[in-house]
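Residue numbers (my numbering), protein chains in the order written: chain E, 1 to 86; chain V, 87 to 504. Ideal Cβ placement from N, Cα and C applies to all residues, glycine included.
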């Protein structure tokens with residue numbers, strides 16, 4: 001798989017590390033029940049999900065990747081700021 | 087069903103081997119079953135077998151979207167062992183290991199269980215301390231574990247690189263002598279034949295596409311071969327648990343990842359045991375056919391693709407070659423990958439779900455094959471009685487909310503950190 005980093009351009013997937021899905025970032029004001037659900041459950045679809053990845057072995061920036069989990073087709077990549085990091 | 091025996095083979099020799107029958111039927115689905123098991127892998131077939139055998143239930147179906155044993159049962163490294171530190175894990179796997187020891191007799195089907203020893207190498211003082219702790223914990227529960235010195239390891243597995251300049255110097259090891267390997271397909275086929283003989287309908291090419299609900303309760307499944315009613319439904323589709331549970335509106339503490347394995351051309355016997363290590367993540371064993379089987383890390387990101395990243399393969403092979411340099415000239419003939427249910431604490435999830443009549447057996451991460459008999463036996467108990475079995479009770483779905491997670495690696499709440 002090749003991922004186009006918003007800052008560095010197309011790079012091998014080996015340079016990137018998956019973190020978690022966008023919807024599983026626990027808000028700081030979450031109740032314990034909400035935090036548990038957000039942290040511990042996933043849609044895990046056999047289809048498209050929005051994922052947070054990091055260009056760890058490159059520019060180290062975080063990004064959100066919209067990817068199909070069977071075909072690995074990437075339909076969108078956007079850079080994110082510190083607000084997306086838990 | 088005719089029993090397989092030396093005598094029946096001999097009789098067959100005189101009548102042109104005409105006595106062979108199909109090992110299981112190919113029935114049309116009925117309109118209703120007392121219990122439906124979704125997933126015709128080793129675990130699902132074992133579950134159905136024990137439902138019929140131990141609980142005397144007659145009206146059971148196993149629904150398989152492809153062909154039986156065609157998922158992760160056919161995509162693992164066939165290692166059987168029970169060398170875990172935490173009691174819930176080693177108790178469950180040990181229960182399974184004891185069943186493996188008699189499984190061929192029980193099923194009248196040769197599962198080729200080969201207890202050649204499961205050797206875990208230690209590469210440092212810290213590794214040896216961890217192995218001693220793990221071995222002590224196992225022995226406290228009556229499970230065999232022995233620490234080996236460097237010299238003992240040298241004698242036991244002579245092809246390991248024992249030089250002091252080795253990339254991963256070997257300080258010693260822990261061995262579980264009763265561990266080993268088994269023939270993956272035979273496990274699925276043996277359980278299928280056993281279950282079919284006891285009246286279980288094994289329905290292949292029948293994918294579940296939805297659940298039929300009556301209020302909060304599940305009362306059947308929608309499939310590619312029509313609607314089938316059910317008293318209780320057991321999900322047993324590890325790798326795709328998230329997908330199938332999603333059809334019932336459930337979100338699970340599971341993320342599906344790819345796990346790769348590979349095998350070399352066949353060579354004469356050169357490895358005596360199943361080699362693992364405390365510090366690396368690499369499994370090496372030799373199949374009965376002679377091929378050297380490698381396994382390693384999962385690809386640490388979600389995927390249902392059943393194909394993985396070559397980098398992960400390279401890492402597993404690099405580790406294997408560093409440990410056993412003699413493997414370097416072998417040619418790799420085949421690689422494959424399965425979709426594993428990576429649970430959030432590294433342990434399986436077995437038991438009831440928030441949906442009435444719907445049960446879950448999944449989250450086996452990269453270690454489900456060895457548990458096949460134990461998983462089937464205890465899940466059958468849960469499906470037949472509606473209550474947890476003593477051995478699967480710790481693996482309930484609600485343990486994440488209560489904080490009673492079973493984290494053997496101690497690596498935290500995300501599956502990609504395993």
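Does residue i come within less than 9 angstroms of chain V when only Cβ atoms are used?
i, result
"residue 62 of chain E", "no"
"residue 66 of chain E", "no"
"residue 6 of chain E", "no"
"residue 14 of chain E", "yes"
"residue 25 of chain E", "no"
"residue 34 of chain E", "no"
"residue 57 of chain E", "no"
"residue 70 of chain E", "yes"
"residue 49 of chain E", "yes"
"residue 75 of chain E", "no"
"residue 39 of chain E", "yes"
"residue 10 of chain E", "no"
"residue 42 of chain E", "yes"
"residue 54 of chain E", "no"
"residue 78 of chain E", "no"
"residue 17 of chain E", "yes"
List the residues that DSSP assigns as beta-bridge partners of residue i.
i, result
"residue 338 of chain V", "E/42"
"residue 246 of chain V", "Bridge partners of residue 246 of chain V: none, in fact."
"residue 118 of chain V", "V/315"
"residue 4 of chain E", "E/10"
"residue 346 of chain V", "V/423"
"residue 149 of chain V", "V/124 and V/289"
"residue 78 of chain E", "E/64"
"residue 563 of chain V", "This structure gives no information on residue 563 of chain V, because the portion of chain V shown stretches from 87 to 504."
"residue 496 of chain V", "In the DSSP output, where bridge partners are listed per residue, residue 496 of chain V has none listed."
Apart from the five residues just before and just after residue i, which ones in its own chain have a Cβ nearer than 6 angstroms to its Cβ?
i, result
"residue 56 of chain E", "17"
"residue 178 of chain V", "460 and 477"
"residue 44 of chain E", "none"
"residue 278 of chain V", "110, 131, 154 and 288"
"residue 118 of chain V", "315"
"residue 115 of chain V", "289, 311 and 314"
"residue 220 of chain V", "171"
"residue 271 of chain V", "155"
"residue 193 of chain V", "276 and 280"
"residue 405 of chain V", "366 and 368"
"residue 150 of chain V", "126 and 290"
"residue 393 of chain V", "423"
Under 9 angstroms, Cβ to Cβ, is there at least one residue of chain E near residue i?
i, result
"residue 266 of chain V", "no"
"residue 452 of chain V", "no"
"residue 434 of chain V", "no"
"residue 329 of chain V", "yes"
"residue 199 of chain V", "no"
"residue 377 of chain V", "no"
"residue 127 of chain V", "no"
"residue 386 of chain V", "yes"
"residue 463 of chain V", "no"
"residue 326 of chain V", "yes"
"residue 332 of chain V", "yes"
Within a Cβ cutoff of 8 angstroms, which residues of the same chain sit near residue i, ignoring the five residues on either side of it in sequence?
i, result
"residue 138 of chain V", "144, 146, 281, 284, 285 and 286"
"residue 176 of chain V", "168, 169, 170, 223, 224, 227 and 229"
For residue i, which residues from the same chain have a beta carbon less than 7 angstroms from its beta carbon, with the 5 sequence-adjacent residues on both sides left out?
i, result
"residue 493 of chain V", "431 and 432"
"residue 86 of chain E", "Residue placement at residue 86 of chain E is flagged as unreliable, the pLDDT there being 49, under the threshold of 50; the coordinate-derived value follows with that caveat. Within the same chain, residue 86 of chain E has close Cβ partners 25 and 26."
"residue 50 of chain E", "21, 22, 64 and 66"
"residue 482 of chain V", "437 and 474"
"residue 355 of chain V", "372"
"residue 38 of chain E", "24, 26 and 30"
"residue 256 of chain V", "207, 209, 236, 239, 246 and 248"
"residue 76 of chain E", "66"
"residue 186 of chain V", "166, 199, 268 and 459"
Can you tell me whether residue i sits near the ligand NAP, meaning its C-beta is under 8 angstroms from at least one heavy atom of the ligand?
i, result
"residue 470 of chain V", "Of ligands this structure carries none, so the ligand NAP is not represented either."
(message) For a minimum of 3 consecutive residues, which ranges assigned as the beta strand (DSSP E) are wholly contained in the segment 201 to 232 of chain V?
(response) Counting whole runs of 3 or more residues, the segment 201 to 232 of chain V contains the beta strand (DSSP E) stretches 204 to 208.
(request) Can you check the segment 360 to 418 of chain V for any beta strand (DSSP E) of at least 3 residues that lies completely inside it and give the ranges in chain order? (result) As far as the segment 360 to 418 of chain V is concerned, its whole beta strand (DSSP E) runs of at least 3 residues are 360 to 363, 369 to 372 and 377 to 388.
(request) Residues of the segment 337 to 363 of chain V with a CB closer than 7 angstroms to any CB of chain E: list them in chain order, please. (result) The segment 337 to 363 of chain V vs chain E, Cβ under 7 angstroms: 337, 338, 339, 340, 341 and 342.
(message) Any C-beta of chain E within less than 7 angstroms: which residues of the segment 388 to 407 of chain V qualify?
(response) So the list reads 388, 389, 390, 391, 395 and 397, given in the order they occur along the chain.
(request) Go through the segment 251 to 305 of chain V residue by residue and report every complete run of the alpha helix (DSSP H) that reaches 4 residues or more, in order. (result) Runs found: 270 to 283.
(request) Only counting runs of 3 or more residues, tell me where the beta strand (DSSP E) segments fall wholly within the segment 15 to 63 of chain E, in order along the chain. (result) Secondary structure in the segment 15 to 63 of chain E: the beta strand (DSSP E) runs of 3 residues or longer, each lying completely within the stretch, are 17 to 21 and 48 to 54 in chain order.
(request) List in chain order: all unbroken alpha helix (DSSP H) runs of 4+ residues lying wholly within the segment 419 to 493 of chain V. (result) Counting only runs of 4 or more, we get 458 to 471 and 485 to 488.
(request) For the segment 488 to 502 of chain V, enumerate the residues whose C-beta is nearer than 7 angstroms to any C-beta of chain E, in chain order. (result) Listed by position, the residues of the segment 488 to 502 of chain V near chain E (Cβ gap below 7 angstroms) are 499, 500 and 502.
(message) By the 9 angstroms beta-carbon criterion, what residues does the segment 92 to 109 of chain V contribute toward chain E?
(response) Hits within the stretch: zero.
(request) Check distances from the C-beta atoms of the segment 466 to 489 of chain V to those of chain E and list, in chain order, the residues that come in under 8 angstroms. (result) Close to chain E, meaning a Cβ-Cβ distance shorter than 8 angstroms, are the following residues of the segment 466 to 489 of chain V: 486 and 487.
(request) Give the residues from the segment 412 to 442 of chain V that approach chain E closer than 8 angstroms (Cβ to any Cβ), ordered along the chain. (result) Listed by position, the residues of the segment 412 to 442 of chain V near chain E (Cβ gap below 8 angstroms) are 430.
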